[in-house]
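In what follows, a structure is listed as C-alpha cells, so that the remarks can point back to it.
Protein chains in written order, with our numbering: chain R, 1 to 169; chain H, 170 to 229.
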C-alpha cells in the first residue's frame with residue numbers, strides 16, 4: 001500500500017509533463033495552424049484571431065513555458081543530476097545525463113526565446129503595446145521566425161526528454 | 170591619400186562588403202528555411218538525428 005502513496009516528487013513530475021504538453025501543444029498550434037492559416041483569413045475576420053484567440057493562447061503559452069522549466073530544473077536538482085546535466089555530462093557524467101542535459105539546454109533556450117523574443121515582439125504585433133505599422137510588421141516576422149526556431153528545436157528536445165532514462169551507459 | 174593607401178582602403182572596403190553580403194545570404198537562407206513549415210520539420214528531424222548520435226558521445 002505504501003508503494004501507491006503519492007509523493008510530492010511524483011506530483012511535480014506530473015506537473016512538468018502537464019505544463020510541457022500545454023506549452024509545446026500551443027507551440028504546435030501556432031506553427032501548424034495559426035501561422036499558416038492567417039494569410040488565408042479574410043481581413044475583416046483577422047481581429048478575431050489577433051485580438052481574442054492569440055492573446056489568450058500566448059498567456060497559456062508563456063506561463064506554461066515558465067512552469068515547465070522551473071519544475072523541470074527543480075526535479076533534476078532534487079534528483080541529484082541537475083548540475084552534471086547542465087554541464088552536458090562532460091568530464092564525469094553518463095550517457096543518460098548527457099542526453100537529458102542536451103534536452104534541458106534546448107528547453108532553456110526555447111524558454112528564453114519565448115520570454116525574451118516571442119512575447120515582447122507579439123505584444124507589439126498584436127497591438128498590446130503601442131507601435132507603428134512598420135514596427136508591428138517587423139515584430140510579427142521576428143516572433144514568427146523565433147516561434148519556428150522553437151518548433152524546430154522541440155523535435156530534438158522531446159527526443160532527449162523521452163529517451164534519456166532508457167539509454168544504457 | 171597616396172596610391173598604396175587608396176588601394177588598402179579599397180581592399181578593406183571590398184572585404185567588408187563581401188562579409189556583409191555573406192552574412193545577409195546566410196540570414197536569408199535560414200529565414201527561408203524557418204518560414205516554410207515543411208522545411209522546419211525536416212530541419213528538426215535532422216537535428217534530432219544529430220542529437221541522437223552525437224549526444225551519447227559527450228559523456229565518453
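Backbone N, C-alpha and C define an ideal beta-carbon position, used for all residues, glycine too.
Rounded to the nearest whole angstrom, the C-alpha separation of residue 192 of chain H and residue 72 of chain R is 36 Å. Taking 8 Å as the cut-off between beta carbons, none of the residues of the stretch 108 to 120 of chain R comes near chain H. Annotation for residue 113 of chain R: 146 and 150 place their beta carbon closer than 6 Å to its own, counting only its chain and skipping 5 residues before and after. Along the stretch 25 to 37 of chain R, the positions whose C-beta sits under 8 Å from a C-beta of chain H are 31, 32, 35 and 36, read in chain order. A direct Cα-Cα distance of roughly 33 Å separates residue 9 of chain R from residue 31 of chain R.
Sequence-distant Cβ neighbours of residue 57 of chain R in its own chain, meaning closer than 8 Å and more than five residues away, are 26, 29, 30 and 34.
Rounded to whole angstroms, the Cβ separation of residue 110 of chain R and residue 153 of chain R is 5 Å, and the two are in contact under 8 Å.
The DSSP-derived three-state label of residue 168 of chain R is coil.
If you draw a straight line from the Cα of residue 76 of chain R to the Cα of residue 82 of chain R, it is about 4 Å long.
Under the Cβ distance rule, residue 198 of chain H does not count among the residues neighbouring chain R, no pair being separated by less than 8 Å. Residue contact check for residue 86 of chain R against chain H: no CB pair falls below 8 Å.
Apart from the 5 residues on each side of it in sequence, residue 49 of chain R sits with its Cβ closer than 8 Å to the Cβ of 34, 38 and 41 in its chain, given in chain order. Taking a 10 Å sphere around the C-beta of residue 118 of chain R, we find 16 or more other C-beta atoms and assign the residue as buried.
With respect to the 8 Å criterion, residue 12 of chain R and residue 96 of chain R are not classified as neighbours on the basis of their beta carbons. The alpha carbon of residue 22 of chain R has as its nearest neighbour, out of R/92, R/136, R/62 and R/80, the alpha carbon of R/62. CA-to-CA, the gap between residue 190 of chain H and residue 99 of chain R works out to about 37 Å. When R/162, R/138 and R/17 are compared, the shortest CA-CA separation from residue 70 of chain R is found for R/17.
DSSP places residue 131 of chain R in the coil class of the three-state scheme, outside both helix and strand. Non-local C-beta neighbours of residue 148 of chain R in its own chain, meaning closer than 7 Å and more than five positions away in sequence, comprise 31, ordered along the chain.
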